[in-house]
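Below is one structure, written out as structure tokens; the observations come after it.
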Amino acid sequence: MDFALSEEQVAIFDMARAFGEERIAPHARTWEAEGTIPKDLWPQLAELGFGGLYVSEEQGGSGLTRLDATLVFEALSQSCASVAAFLSIHNMCSWMIDSFASDEMKARILPKAMTMETVLSYCLTEPGSGSDAAALKTRAERTNDGYALTGTKAFISGGGYSDTYVVMARTGEDGPKGISALVLEDGVEGLSYGGLEDKMGWKSQPTRQVQMDACKVPAENLLGEEGKGFVYAMKGLDGGRLNISACSLGAAQAALDATLAYMGERKAFGKSIDQFQALQFRLAEMEIEMQAARTFLRQAAWKLDNKAPDATVFCAMAKKFVTETGSKVADQCLQLHGGYGYLADYGIEKIVRDLRVHQILEGTNEIMRMIVARHMLASR
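In this text, residue positions in the sequence shown follow the working numbering: the first is 49, and each later residue adds one.
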């Protein structure tokens, strides 16, 4: 069993980290204050192949593994978890189109998605259905030309900002088997957006409700087969959980690195605070937890890449463990900075705020526990 990254994987990580340090980190606080990410950033990321990380090479993607992708998101998150997480959403949508769409839809949408001239967002959650995603109410009624899409999606990253939305809507019976996936393009009549949400973290990501009032969706914008949308959504979430875990890992690592540097400079009681054994133990605990989280995440990604039968449950376990570890480490780093950790200039409080939502989205960590428990009970 080889736990080492290949030379190519190390190069991927280093390339992403260097891009983040040069093009993202210097602007992260400004973008947070402005509540948006400049759209010209995305084509720059796409030039590195990050617009379609695990989209097939035949469709213009990079054809990387899920493990490779976690390296990209871990590296970028060392500069800003909010930007990296938004890129993850675009990649999930691109992968769904590559995996399940017709050849016509792939040819129509993926080329501009790969260059990120077209930015994609994902619409599953609704005001009344979060964890119980299969209870969604948004409806796509059949028409002569396709569908009329009506409903409201909530907490949509890129709402009113992105160019195209992958929308989960009900085309049939209640429950998961009645859900289909449709592609909705910005500018369609009946499509509107709620006000910009004022969030705790991820402030650079524009987040709004997506409101649909009999939006006309042509038949060719049905993604895959009718009634298969929930299956596609759940398959997409396996990878999404790995990506958001990687974002937690990268940002927490940035906080830990900054804390190590700070503790070597900060003096108290006549010596630098990294010389106090009690605080050294705190550092050691964080390092141990981070290494465990990184190994767990990469094992889960390996299982997903190799289509292991327990891949879904490992993605759920890794998501729960890594996101909670990331938040715990970031919070401890703030504590070790003392009052300075509470100031925006030091960057730690932003990491704490950005990482908190990772325990909620891509399936709450309570749902992750349910997935694990059900697997255990079914296996006995």
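In this text, a Cβ means the ideal position worked out from N, Cα and C, and glycines have one as well.
With a 10 Å radius around the Cβ and a threshold of 16 neighbouring Cβ atoms, Phe344 comes out buried. Taken atom to atom, the span from the alpha-carbon of Arg77 to that of Arg314 is near 24 Å. Shown here for Lys247: same chain residues with a beta carbon closer than 7 Å to its own, the five before and five after excluded, namely Thr255 in chain order. The C-beta distance from Gln380 to Arg330 rounds to 6 Å, short enough to meet the 8 Å contact threshold.
The three-state reading of DSSP puts Cys128 in coil, since its state is none of H, G, I, E or B.
Within the stretch 80 to 165, the runs of alpha helix (DSSP H) that reach at least 4 residues and sit entirely inside it are, in chain order, 89 to 95, 114 to 125, 129 to 148, 151 to 163.
The C-beta of Asp222 has fewer than 16 other C-beta atoms within 10 Å across all chains shown, which makes the residue exposed. Scanning Gly298, Glu105, Trp90 for the CA closest to the CA of Gly99 turns up Trp90. Under the Cβ criterion (8 Å, minimum of three pairs), the stretch 137 to 146 does not count as touching the stretch 67 to 81.
With a beta-carbon spacing of about 13 Å, Leu184 and Leu230 fall beyond the 8 Å limit used to define contacts. Following the DSSP letters along the chain, one finds Ile72 in no alpha helix (DSSP H), marked with neither H nor E.
The beta-carbon separation of Gly199 and Arg187, rounded to 6 Å, stays under the 8 Å limit for a contact.
Beta bridge pairing from DSSP links Arg256 with Ile204. When only Cα atoms are considered, Leu297 and Asn192 end up about 49 Å apart. Contact check between the stretch 285 to 305 and the stretch 112 to 129: three or more CB pairs, one atom from each, fall below 8 Å, which counts as touching.
By the criterion of at least three beta-carbon pairs nearer than 8 Å, the stretch 262 to 276 is not in contact with the stretch 298 to 311.
For Ile60, the uninterrupted alpha helix (DSSP H) run begins and ends at 55 to 67, by DSSP. Residue state for Pro224 is assigned as helix, using DSSP reduced to three classes. Spanning the alpha carbons of Ser228 and Gly243 requires a straight line of approximately 27 Å. In terms of CA proximity to Glu122, Ala349 leads the group Gln325, Glu268, Glu237, Ala349.
With a cut-off of 8 Å on Cβ pairs, the stretch 411 to 425 is in contact with the stretch 368 to 378, counting three or more such pairs. Remark: fewer than three beta-carbon pairs, one from each stretch, lie closer than 8 Å, so the stretch 100 to 112 and the stretch 122 to 134 are not flagged as touching.
For the pair Ala359 and Lys351, the CB atoms are nearer than the 8 Å cut-off. Within the same chain, Pro224 come within 8 Å of Val279 by CB-CB distance, once the 5 residues on both sides are set aside. DSSP places Leu239 inside the beta strand (DSSP E), whose first and last residues are 239 to 241. In the three-state scheme derived from DSSP, where H, G and I count as helix and E and B as strand, Arg314 is classed as coil.
Secondary structure note for Thr212: it is in no alpha helix (DSSP H), and the uninterrupted beta strand (DSSP E) holding it is 212 to 218. Around the CB of Asn354, fewer than 16 other CB atoms lie within 10 Å, so the residue is classed as exposed. Cβ atoms of Thr212 and Ile137 stay farther apart than 8 Å, at about 12 Å. The three-state secondary structure of Asp50, taken from DSSP, is coil. For Ala356, the secondary structure class from DSSP, reduced to helix, strand or coil, is coil. Counting along the chain, Ser179 sits inside no alpha helix (DSSP H), nor does DSSP assign it H or E at all. Short of 6 Å from the beta carbon of Gln257, and not among the five residues preceding or following it, lie these beta carbons of its own chain, in chain order: Thr200, Ala202, Gly242. Bridge partners of Gly272 according to DSSP: none are assigned. Assignment of Glu414 by DSSP, reduced to helix, strand and coil, places it in the helix class. Distance between Glu95 and Thr163, taken at the CA atoms: about 7 Å.
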